[in-house]
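Going by this note's numbering, the first residue of the sequence shown is number 8, and it counts up by one from there.
Ideal placement from N, C-alpha and C gives every residue a C-beta, glycine not left out.
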Amino acid sequence: MIIAIDGPAASGKGTIARRLAAHYRLPHLDTGLLYRGVGARALAEHVKFDDEAALAALAGGLDLSTLDPEALKAGIFGEAASRVAALAQVRARLLALQQDFARQPGGAVLDGRDIGTVIAPEAEVKLFVTAKPEARAARRHRELLQRGESVTLDAVLADILKRDERDSGRASAPLICAADADILDNTGLDVEQSWQAALALVERRRPADGA
């Protein structure tokens, strides 16, 4: 069973994906981590974000096993990820890696922006997790403060809106809801309520034999 979870920044899709993976005992891939990894390498190696060929080369040499999910949660890497993810050559370099992960025996859970539309359009279960920008900004703001980052709520909201526009407006694999996806708007839900709602949607969609 392949579970594809898409949605905008700070919608809670990653938390849902991790819990679904644990619940169904499936491997999980946060595809945004790949773009954060490319963005982090670009910053470290002073590669310009308008140098698409150089960024694609970084993507081609990405080693998933070396990525530190906790370190890559920093706000600077989220912005970098959004910028490199808009580039067709970067996305092309990372496509096979993501598709191989999705199609491994037994299935997998993947979350990102284009899982149900590009990476695994054949997925048995597709969720589009979203929330109002203000709610997502408040969540991300709390997360950044807990990490010790000094940032205002207004700045986080502005970044969320900018990333939404970039993700939805890019020419290559834009953020859109797959036609056959279930939409979960968790604006007024807490973490547990959002998880329970997601689990119910998956149970409705998953194959009867659980494959």
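Grouping DSSP H, G and I as helix and E and B as strand, with all else coil, what is residue i?
| i | result |
| --- | --- |
| residue 97 | helix |
| residue 174 | helix |
| residue 37 | strand |
| residue 11 | strand |
| residue 55 | coil |
| residue 111 | coil |
| residue 160 | helix |
| residue 210 | helix |
| residue 179 | coil |
| residue 74 | coil |
| residue 139 | coil |
What residue from the options has the CA that sits closest to residue i's CA?
| i | options | result |
| --- | --- | --- |
| residue 212 | 134, 161 and 177 | 134 |
| residue 151 | 85, 72 and 59 | 85 |
| residue 37 | 159, 144 and 11 | 11 |
| residue 79 | 107, 39, 158 and 69 | 39 |
| residue 130 | 118, 141 and 140 | 118 |
| residue 73 | 41, 205 and 116 | 41 |
| residue 185 | 171, 34, 95 and 132 | 132 |
| residue 143 | 160, 110 and 71 | 160 |
| residue 87 | 198, 169, 203 and 194 | 169 |
| residue 51 | 83, 193, 137 and 15 | 83 |
| residue 137 | 166, 171, 56 and 156 | 171 |
For the beta strand (DSSP E) containing residue i, list its first residue and its last residue.
| i | result |
| --- | --- |
| residue 115 | 115-119 |
Taking the alpha helix (DSSP H) that residue i falls in, what are its first and last residues?
| i | result |
| --- | --- |
| residue 22 | 20-31 |
| residue 82 | 82-92 |
| residue 17 | No alpha helix (DSSP H) holds residue 17; DSSP gives it neither H nor E. |
| residue 127 | That residue, residue 127, is in no alpha helix (DSSP H); it is neither H nor E in DSSP. |
Tell me, which residues are paired with residue i by DSSP?
| i | result |
| --- | --- |
| residue 189 | 134 |
Touch test, the region 58-67 against the region 90-97, Cβ-Cβ under 8 angstroms, three pairs minimum: yes
Cβ pair count under 8 angstroms reaching 3, the region 191-205 against the region 19-28: yes
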